[in-house]
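Numbering (this note's numbering), first residue to last: 66 to 623.
Beta carbons: idealized from backbone N, C-alpha and C, even for Gly.
The structure appears right after this line, and notes come after that.
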């Protein structure tokens, strides 16, 4: 059976003018700014006006440990919102914007899939409303001001060997990871080693997503540490008098973007920090606004529940003073088979034993959600045509032992209709009392926080901190950052820091090789393994299969 591609499905649907979507939220024309017929920016100042309005329920969609077989968090999130709308509930999505790096790389787009998509999917996956360009411009302005200050006398006594701020570009470009710049004479600056990150790894991306308003944004930008001086003290964006100009560049980007699903459910798509190297959640502003407009807000956190969900809870919820009412844990039979040791080319064959062998991965995530985070959870199986009843039954029986229900999600094929059972279960769970808790206390030492994450969430023995990382940790404590939350930069493919350890490994140690402070965003980044802040393109990138015809219709985007 031949299936339509995501972009073909999206192009067949007639979108509502965004004005009508805004009207469904009781918004007036003064509350938003149009970006064409099908996109708008909501005025972030409206959140302050709605502060006394009761919040709706917040539903977090997360997943088991990712595999090349795919899990489908965004597709499930979109379908669930449509499913809630279909049964008469006022629902809304709050999701991240896609990065151009994965769109043109190996992952593809991030607007959902099949009949559970946010639209216009081409715009969302490409330039959208220009937020990422604004973030990149602000990041690179700060870099230019930093190097310009050194060139013109360096009155702040910046040690060029201890510059921590990099330029960014929103593309997977390994060639730029390590560069030397400022060459060819004094007029061209001070020669030094440098490098680029991808835009979604920029601290400014994290700051935009954690800011409560434009003044809070400016204050967070002011605190960014860009380098250290010869005395070992931090040099900030405020020292460079940069925060005003950076805020000016982000004046429009701070406002959340309103679009719609294929079934016209309102969606706020705003911000997009990566979850393996940043905190992996859409903006606080979009989430909070959605909770004011809707009875049910569906949001997601990147990658598995050990990375995205942990950071959603320990960073975003903590800093934004919000908490989820229920969790949807997305899994596929195919992914469970991979965790059970089956190669990708054999996933279409029935293999109940492999499903059972892969279940410990799902179970560990359930333990984390129920016992560590203290939240009610339902497992959503993102159904594939090759799934057999015996395989599905094996998952249901295993989850029953943890008093967790399993619901089939058929949103890729059926849209909201395929999520009605899931929507009904989510409503039920969201009404239950929960014992929400963080993984660690802010008063814990940095090492204690790291250890609690590894032991409680990952299931490992503890951490090994390299000499370099320990010196950095001691510096951070000396500078007064010891009570900041931790943002683990770790492979998404394993609970451990070794991507080859699939399933639910035990008795491993996570090596912390570096630590750095994101003082503006308000967290410490602990780097493990070989996680990179600038990805590279694969041998056969998705860009090779994207095209545009004479009518301007894009193909190959997914």
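N-terminal and C-terminal residue of the beta strand (DSSP E) that residue i is part of
i           : result
residue 510 : Looking at the DSSP string, residue 510 is not in any beta strand (DSSP E), and its letter there is neither H nor E.
residue 224 : 223 to 228
residue 593 : 588 to 593
residue 70  : Unbroken run through residue 70: none, as it is neither H nor E.
residue 552 : 551 to 554
residue 395 : 391 to 396
residue 294 : 290 to 294
residue 454 : Not the beta strand (DSSP E): residue 454 falls in the alpha helix (DSSP H), residues 454 to 465.
residue 152 : First-last for residue 152: undefined, no H or E at that position.
residue 469 : Per DSSP, residue 469 belongs to no beta strand (DSSP E) and is neither H nor E.
residue 258 : 257 to 259
residue 123 : 122 to 128
CB of residue i within 8 Å of CB of residue j, strictly
i           : j           : result
residue 570 : residue 561 : yes
residue 602 : residue 174 : no
residue 513 : residue 538 : no
residue 221 : residue 300 : yes
residue 409 : residue 133 : yes
residue 276 : residue 319 : yes
residue 478 : residue 453 : no
residue 106 : residue 322 : yes
residue 330 : residue 158 : yes
residue 439 : residue 500 : yes
residue 206 : residue 314 : yes
residue 271 : residue 344 : yes
residue 563 : residue 526 : no
residue 505 : residue 485 : no
residue 340 : residue 366 : yes
residue 567 : residue 369 : no
residue 405 : residue 395 : no
residue 582 : residue 623 : no
residue 75  : residue 184 : yes
residue 383 : residue 558 : no
residue 178 : residue 140 : yes
residue 624 : residue 328 : The shown model of the chain, from 66 to 623, leaves out residue 624, and the question about it has no answer.
residue 621 : residue 289 : no
residue 189 : residue 619 : no
residue 223 : residue 257 : no
C-alpha gap between residue i and residue j, whole angstroms
i           : j           : result
residue 19  : residue 608 : No statement about residue 19 is possible, as the shown extent of the chain runs from 66 to 623 and does not include it.
residue 469 : residue 457 : 14 Å
residue 430 : residue 77  : 38 Å
residue 475 : residue 614 : 32 Å
residue 279 : residue 102 : 26 Å
residue 98  : residue 334 : 15 Å
residue 590 : residue 347 : 18 Å
residue 230 : residue 292 : 7 Å
residue 115 : residue 284 : 23 Å
residue 120 : residue 356 : 5 Å
residue 451 : residue 413 : 6 Å
residue 122 : residue 148 : 15 Å
residue 225 : residue 529 : 30 Å
residue 267 : residue 508 : 27 Å
residue 437 : residue 135 : 26 Å
residue 515 : residue 182 : 37 Å
residue 543 : residue 297 : 11 Å
residue 259 : residue 521 : 37 Å
residue 455 : residue 574 : 36 Å
residue 617 : residue 186 : 14 Å
residue 536 : residue 596 : 20 Å
Same chain, Cβ closer than 8 Å to residue i, neighbours up to 5 away in sequence not counted
i           : result
residue 124 : 145, 361, 362, 363, 364, 389, 390, 391, 392, 393, 491 and 495
residue 96  : 87, 107, 108 and 111
Unbroken alpha helix (DSSP H) run spanning residue i, endpoints
i           : result
residue 538 : 532 to 543
residue 269 : 268 to 275
residue 378 : Element bounds for residue 378: n/a, residue is neither H nor E.
residue 355 : 349 to 358
6 Å CB neighbourhood of residue i in its chain, flanking five on each side removed
i           : result
residue 269 : 200, 203 and 204
residue 588 : 380, 549, 550 and 552
residue 303 : 287
residue 307 : 207 and 210
residue 254 : 212, 216 and 247
Beta-carbon contacts of residue i that lie in its chain and below 7 Å, excluding the five residues immediately before and after
i           : result
residue 274 : 336, 338, 346, 347, 348 and 349
residue 358 : 90 and 157
residue 483 : 144, 474, 475 and 476
residue 118 : 357
Using 8 Å as the threshold, is the segment 443 to 455 in touch with the segment 93 to 110, meaning 3 or more CB pairs across them?
By the Cβ test, the segment 443 to 455 is not in contact with the segment 93 to 110, since fewer than three Cβ pairs between them sit closer than 8 Å.
Is the number of C-beta pairs between the segment 192 to 206 and the segment 160 to 173 that are closer than 8 Å three or more?
Here the segment 192 to 206 lies against the segment 160 to 173, with 3 or more beta-carbon pairs under 8 Å apart.
If you pair each beta-carbon of the segment 396 to 414 with each one of the segment 551 to 560, do three or more pairs fall below 8 Å?
Not touching, per the Cβ criterion.
Taking 8 Å as the cut-off, does the segment 574 to 584 touch the segment 136 to 153 (at least 3 CB pairs, one atom from each stretch)?
No: fewer than three Cβ pairs fall under 8 Å.
Meets three-Cβ-pair contact criterion under 8 Å: the segment 232 to 247 and the segment 371 to 387:
No, the segment 232 to 247 does not touch the segment 371 to 387.
Across the segment 237 to 256 and the segment 208 to 222, are there enough close Cβ pairs to call them in contact, namely three or more that are closer than 8 Å?
Under the three-pair Cβ rule at 8 Å, the segment 237 to 256 counts as touching the segment 208 to 222.
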